[in-house]
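What follows is one structure encoded as structure tokens, with my remarks underneath.
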Amino acid sequence: MAILPAQATKHLEELSLEELMQIRVVGVSKYEQSQQQVAAAVSVITRNDIKTYGWRTLGEALASLPGVHTTYDRQYTYFGTRGFGLPGDFNTRVLISINGNRINDATYDQGPIGREFPLDLDLIERIEFIPGPGSAVYGQNAMLGVVNIVTRKGNDVNGIELSGSYNTLQSTFQDRVTMGKTFDNGLDALVSFTGIQSKGQDLFFDFGDTGISGTARGQDGEDVKQFYAQLRRGPLSFDFIYGNRRKEVPTAAYLSDPLVPGQFERDLHLRTQIQYNDYFLNDTLNVLGRVFLGQFRYHSPATYEGAETLATGPSDWHGAEIRFVSTAVARHKLMLGVEYQNNTRIQQTTQVFVAPQDNVDIESAVLRTGVYLQDEWQITETLTATAGLRYDYNGWIGSRLSPRGALIWQATPKATLKALYGRAHRAPNSYERDFADGISQIANPHLNSETIDTVELIADYRITESMNLRTALYRWNMRNLIVFRDNPEQEKLPFFQQSDVDVIARGVEFSADKTWSWGGRLRASFALQDDKFAQSRLVNSPQYLSKLNFTTPLPFAGLRLGYELQYNSKRKTLDDTHVGGYVLSNLNLMTDVRAIKGLQASLALYNLFDEHYLHPASDNNWQNSIVQDGRSVRFRLDYRF
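Laid out in structure tokens, this is it:
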């Protein structure tokens, strides 16, 4: 973790707010910066936050942040930020990366944040969320934000960790084995295995136009296997990530036959990279080079009118990046980078076993290249300007430019003001552009890219060394939104089209962070967001979001409490009705078991007051809304030696 050396051995729960604010981030500009000086309203979630609140998925952790809402359809978890989060959109407008390596796949551009995310949360050192456009540095997908995950190192583990937990509601067992060490020759190594087995719930569904309703029994189960390996020595590092998740589908998604067992989705993610990062010329030049490759496999058997089918969506890609950061010119930090990604194989197939003549096999490939540069100019001791530009070429849509600019003024020792502008884009993915099965949709190879322009004003005010306030005002305009619509020629099937109506969003976020010397911490936020599309509120866009996270040590048994409270206002559904607003509470208690050195126990209650609530469904569902989980209890043991 990149914090001040004097703090390096200090536990995160012992850090003051001032020390927490000194945790440096890399996700904004691809190099380390202080949170105060980055051109964004960045939020940081630490490893200790994950433990304290008992978060089980990346989505649960992100949902604690200002302006973030999530949606779950019993298949995947979808990410919404600042009012935009279309149900079923696979998180294509947010970039997810682990140690700088892109996790979004090449078939659907999906950014996984639920159990489909291929990394165990216990291996995360910190999560950086950078809201707003990031294409000036990252290119594709970084329209609404960037989620950058920094993993733990072998030295952080320094031994063996064993973890096991059981969750009552879905009869979920999770176990993990992690080994990490730094050897005498300087090699830092970490290896980890995780398994999750869940029976799921028996859930009642209405299947819309079919006239069928009933309980899907034994059709909500889940099985996850994950493996992570990391090697570091000097300027070289190697990462290997593997995740294999099978999720039963109780909703008869993609309008398949209701209440038929054996319908599931399997997602397999493999990512690996080798990275070199070192300094030259009296530490005035930082050079980073990396090569990477990725694989994604999708496998989904389903039944339509009694006929068994199998859909697949494999993709393979590789690429490289080199980036230079120079401080040789006084008061300037200059960055230049070149990146390419070759999506060598993108395949989408559908097998209809009783009618092979209806089989579908679509193959495509695309090369993406980008050149980016940025200048961070320290104009005075209190005024900094940042200007950046990225040129991207995509074989499907041609060239795009993504600029950004920022002015950061340290108005007083306690107050920082930021004015930001950015433009970002997203090219259509292969599913939107190429897929055609003759039944549900046709292809549209003429799709162009979406574009977003954002302006934002941020004010940070440090009332005391232990309390910080932030206000962020923003407005963005998204053009050429890719939407799935009926074909104007009625005899033809629907397809993905470019909307000629802009999405316009305005909003404000207030947040506060307070720590106490006795180990307590309070984080709270409120977001007001107004997202309009065709003079109407956007689907699945809550107008109000309120969050509270509080942690404190308790005066008995060495317990620490983590309490979370969230309010989501009502959301519009696809049929122009609404699902109601709701309040969620989660409570986690953890303690070191004094009788056994290295043993930690925790007890978590999720949806503490058993709130009944719904999330909007997508047009792939028979349902208009999907029921969410009620109260559950998780017991967990961690042993470290």
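Mapping the sequence shown onto UniProt numbering, position 420 (from 1) lands on 420, and the numbers just tick up by one. Think of the CB as a built atom: it goes at the ideal place given N, C-alpha and C, for glycine as much as any other residue.
Reduced DSSP category for Ile103 - H, G, I as helix; E, B as strand; rest coil:
Position 103 of the sequence shown, counted from the start, is the residue given in the question as residue 103. Coil.
Using 10 angstroms around the beta-carbon of Gly180, count the other beta-carbons present and answer buried if the total reaches 16, otherwise exposed.
The residue labelled residue 180 in the question sits at position 180 within the sequence shown. With 16 or more other Cβ atoms within 10 Å, it is buried.
Any chance the segment 180-191 sits against the segment 210-226, with 3 or more Cβ pairs inside 8 Å?
no
Alpha carbon of Leu389 to alpha carbon of Leu447, nearest angstrom
Position 389 of the sequence shown, counted from the start, is the residue given in the question as residue 389. Position 447 of the sequence shown, counted from the start, is the residue given in the question as residue 447. Taking the straight line joining both Cα atoms gives about 24 Å.
For Asp610, tell me which candidate among Ser602, Ser632, Leu589 has the shortest Cα-Cα distance.
Within the sequence shown, numbered from 1, the residue matching residue 610 stands at position 610. Closest option to Asp610, Cα to Cα, is Ser632.
Is the CB-CB distance between Arg423 and Asp453 below 8 Å?
Here residue 423 refers to the residue found at position 423 of the sequence shown. Here residue 453 refers to the residue found at position 453 of the sequence shown. In contact: Arg423 and Asp453 (Cβ atoms closer than 8 Å).
Alpha carbon to alpha carbon, how far is Val191 from Lys514?
Your numbering for residue 191 matches position 191 in the sequence shown. Your numbering for residue 514 matches position 514 in the sequence shown. Rounded to the nearest angstrom, the two C-alpha atoms are 36 Å apart.
Quick one: Cα of Asp592 to Cα of Arg560, how far?
Looking up residue 592 in the sequence shown gives position 592. Looking up residue 560 in the sequence shown gives position 560. Going from the Cα of Asp592 to the Cα of Arg560 covers about 9 Å.
Could you tell me which of Ala216, Ala411, Leu548 sits nearest to Gly562, measuring between CA atoms?
Residue numbering aside, residue 562 sits at position 562 when the sequence shown is read from its first letter. Per the Cα distances, Leu548.
Report the rounded CA-to-CA distance for Lys153 versus Leu268, giving the unit in angstroms.
Counted from its first residue, the sequence shown places residue 153 at position 153. Counted from its first residue, the sequence shown places residue 268 at position 268. Cα to Cα, Lys153 sits roughly 24 Å from Leu268.
What runs of the beta strand (DSSP E), each 3 residues or longer, lie entirely inside the segment 310-374?
315-326, 332-352
Across which residues does DSSP place Val137 in a beta bridge pair?
Residue mapping note: residue 137 aligns to position 137 of the sequence shown, counting from 1. DSSP, once it has assigned bridges, lists no residue as partnering Val137.
Assign Leu488 to one of two classes, buried (16 or more other C-beta atoms within 10 Å of its C-beta) or exposed (fewer than that).
In the sequence shown, residue 488 corresponds to position 488, counting from 1. Sequence inspection shows Pro at residue 488; the Leu mentioned does not correspond to that position. The residue in question, Pro488, is exposed, as its Cβ has fewer than 16 Cβ neighbours within 10 Å.
What is the DSSP secondary structure of Glu60, counted as helix, strand or coil?
In the sequence shown, residue 60 corresponds to position 60, counting from 1. Three-state result, Glu60: helix.
In terms of alpha-carbon separation, which member of Glu308, Lys333, Val338, Ile379 lies closest to Ala355?
Within the sequence shown, residue 355 is the residue found at index 355, counting from 1. Answer by Cα proximity: Glu308.
Closest to Gly232 by CA distance: which of Asn99, Ala142, Thr464, Ser300 is it?
On the sequence shown, residue 232 is found 232 positions in, with the first residue counted as 1. Correcting the residue type first, residue 232 is Arg in the shown sequence and not Gly. Of Asn99, Ala142, Thr464, Ser300, the residue nearest in Cα terms is Asn99.
So is Gln174 buried or exposed if we call it buried at 16+ other beta carbons inside 10 Å?
Looking up residue 174 in the sequence shown gives position 174. Buried, by the Cβ-count rule.
Residues near Met1 by beta carbon distance below 6 Å, same chain, minus five either side:
Here residue 1 corresponds to residue number 1 of the sequence shown, with the count starting at 1. Because the pLDDT at Met1 is just 35, under 50, the model does not fix this residue reliably, and the value given afterwards should be weighed accordingly. Glu125.
What is the DSSP secondary structure of Thr573, counted as helix, strand or coil?
As a first step, residue 573 must be located in the sequence shown, where it is residue number 573. Three-state DSSP puts Thr573 in coil, outside helix and strand.
Using alpha carbons as the reference points, say which of Thr573, Arg594, Arg640 lies closest to Ser625.
For the purposes of this step, residue 625 is taken as the residue at position 625 of the sequence shown. Closest option to Ser625, Cα to Cα, is Thr573.
Local conformation of Met143 per DSSP, three classes:
In the sequence shown, the residue the question calls residue 143 occupies position 143. Coil.
Taking buried to mean at least 16 other C-beta atoms within 10 Å of its own C-beta, is Trp516 buried or exposed?
Within the sequence shown, numbered from 1, the residue matching residue 516 stands at position 516. With fewer than 16 other Cβ atoms within 10 Å, it is exposed.
Along the chain, where does the alpha helix (DSSP H) containing Glu19 start, and where does it finish?
The count along the sequence shown starts at 1 and reaches residue 19 at position 19. Run containing Glu19: 17-21, per the alpha helix (DSSP H) assignment.
Arg636, enclosing beta strand (DSSP E) - first and last residue
To locate residue 636, count along the sequence shown from 1; it is residue 636. 632-640 is the span of the beta strand (DSSP E), which, as asked, contains Arg636.
Minimum C-alpha distance to Pro235 - residue among Arg246, Gly195, Asn277:
For the purposes of this step, residue 235 is identified with residue 235 of the sequence shown, where counting begins at 1. For Pro235, the nearest C-alpha among the options comes from Asn277.
Which residue's Cα is closest to the Cα of Arg475: Asn158, Ser364, Tyr639, Pro133?
Locating residue 475 in the sequence shown gives position 475, counting from the first residue. Checking every option, the nearest Cα to that of Arg475 belongs to Pro133.
Give me the residue from Phe117, Ala459, Ser449, Thr386 with the minimum Cα distance to Val483.
Indexing the sequence shown from 1 puts residue 483 at position 483. Checked all of Phe117, Ala459, Ser449, Thr386; the closest Cα to Val483 is Ser449.
Residue from Ile504, Gly520, Glu564 with nearest C-alpha to Leu538
Sequence index remark: in the sequence shown, residue 538 carries index 538 (1-based). Per the Cα distances, Ile504.
Tyr31 versus Lys333, Arg246, Ser165, His299, residue with shortest Cα-Cα distance:
Indexing the sequence shown from 1 puts residue 31 at position 31. Of Lys333, Arg246, Ser165, His299, the residue nearest in Cα terms is Lys333.
Is DSSP giving Val191 helix, strand or coil here?
If you number the sequence shown from 1, residue 191 lands on position 191. Note: Val191 maps to strand in three-state DSSP.
Is Asp629 helix, strand or coil by DSSP?
Translated into the one-based positions of the sequence shown, residue 629 becomes position 629. Three-state DSSP puts Asp629 in coil, outside helix and strand.
Beta-carbon within less than 6 Å of Gly164's beta-carbon, same chain only, minus the 5 sequence neighbours each way: which residues are those?
The sequence position of residue 164 within the sequence shown is 164, counting from 1. Excluding sequence neighbours, Gly164 sits near Asp175, Leu637.
Going by DSSP, which residues form a beta bridge with Gly422?
The residue you call residue 422 lines up with position 422 of the sequence shown. Partner(s): Arg404, Thr454.
Can you check whether the CB of Glu128 is closer than 8 Å to the CB of Tyr76?
Locating residue 76 in the sequence shown gives position 76, counting from the first residue. Locating residue 128 in the sequence shown gives position 128, counting from the first residue. No; because the gap between Cβ atoms is not below 8 Å, this pair is not in contact.
Where does Asn607 fall in DSSP's three states?
Counting from 1 along the sequence shown, the entry for residue 607 is found at position 607. Asn607: coil per DSSP, three-state reduction.
CB-CB under 7 Å to Val287, same chain, minus the five flanking residues each way: which ones, in chain order?
By 1-based counting over the sequence shown, the position of residue 287 is 287. Hits under 7 Å: Asp278, Phe280, Phe324.
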